[in-house]
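Visitor: Residue numbers (full-length UniProt numbering): 1 to 175.
Handing you a structure now.
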């Protein structure tokens, strides 16, 4: 009889003793590692320059983008991190209700359109586009001017979740 009661009782028999199957190492805390540096606006622009020149379509070309980007910067950025930052900005939603897109988002969309256009030209005509920058030198300058106009610090991380104010939009007056 006492054996049946002992099996049905979920309470431990001895108080204060550790569990035998408890792990010896502490759990790893989720989050960023110590010393991790945020991407600044100037790093995004530098990455976009590399992407525009190399025009990556395969994994080998993305490795070249990440090595050249890491060679210029102070921190080493991996292949996955460069791809993640590029596709993260490409997949941002367009703002509504009179707000403007972030200048880096506009620049990324223009670069992506240029890469798609050059890839299509290469497939159709079987020759590469010789101009590595295309007509995007104006887009780069426009993005830099817009960032200066909105008083964005190039040494700080960009805030893509905050919509840019539209100075041309008229606010409705309250009566």
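Cβ coordinates follow ideal geometry from the N, Cα and C atoms, glycine included.
For the candidate residues 54, 27, 33, whose alpha-carbon lies nearest to that of residue 115?
Guide: Counted from its first residue, the chain shown places residue 115 at position 115. Answer by Cα proximity: 54.
Visitor: Report yes or no: do three or more beta-carbon pairs, one from the region 38–45 and one from the region 149–159, lie closer than 8 Å?
Guide: Yes, they touch.
Visitor: Using CA coordinates, which residue listed in 102, 87, 29 is at the minimum distance from residue 165?
Guide: Translated into positions along the chain shown, residue 165 becomes position 165. Minimum Cα distance to residue 165 is reached at 102.
Visitor: If you drop the 5 nearest sequence neighbours on each side, which residues of the same chain put their C-beta closer than 8 Å to that of residue 178?
Guide: The requested residue 178 does not occur in the structure, where the chain is confined to residues 1 to 175.
Visitor: Tell me the residue span of the alpha helix (DSSP H) that contains residue 139.
Guide: The count along the chain shown starts at 1 and reaches residue 139 at position 139. Segment 137–149, the alpha helix (DSSP H) holding residue 139.
Visitor: Just grab the DSSP bridge partners of residue 100 for me.
Guide: Counting from one through the chain shown, the residue named residue 100 turns up at place 100. DSSP lists 164 as partners of residue 100.
Visitor: Report the rounded CA-to-CA distance for residue 47 versus residue 105, giving the unit in angstroms.
Guide: For this step, residue 47 is matched to residue 47 along the chain shown. For this step, residue 105 is matched to residue 105 along the chain shown. Approximately 13 Å, taken between the alpha carbons.
Visitor: Alpha carbon to alpha carbon, how far is residue 108 from residue 90? Give it in angstroms, no decimals.
Guide: As a first step, residue 90 must be located in the chain shown, where it is residue number 90. As a first step, residue 108 must be located in the chain shown, where it is residue number 108. If I take the Cα positions, the gap works out to 6 Å.
Visitor: Can you tell me whether residue 38 is buried or exposed, with buried defined as 16 or more other CB within 10 angstroms of its CB?
Guide: For the purposes of this step, residue 38 is identified with residue 38 of the chain shown, where counting begins at 1. It is exposed - the Cβ of residue 38 has fewer than 16 other Cβ atoms within 10 Å.
Visitor: Mind checking whether residue 63 and residue 88 have CB atoms under 7 Å apart?
Guide: Position 63 of the chain shown, counting from 1, holds the residue named residue 63. Position 88 of the chain shown, counting from 1, holds the residue named residue 88. No, Cβ-Cβ distance for residue 63 and residue 88 is not below 7 Å.
Visitor: Under a three-way DSSP split, which group does residue 125 fall into?
Guide: If you number the chain shown from 1, residue 125 lands on position 125. Three-state result, residue 125: helix.
Visitor: What is the DSSP secondary structure of residue 114, reduced to helix, strand or coil?
Guide: Residue 114 sits at position 114 when you count from the first residue of the chain shown. Reduced to three states, the DSSP call for residue 114 is helix.
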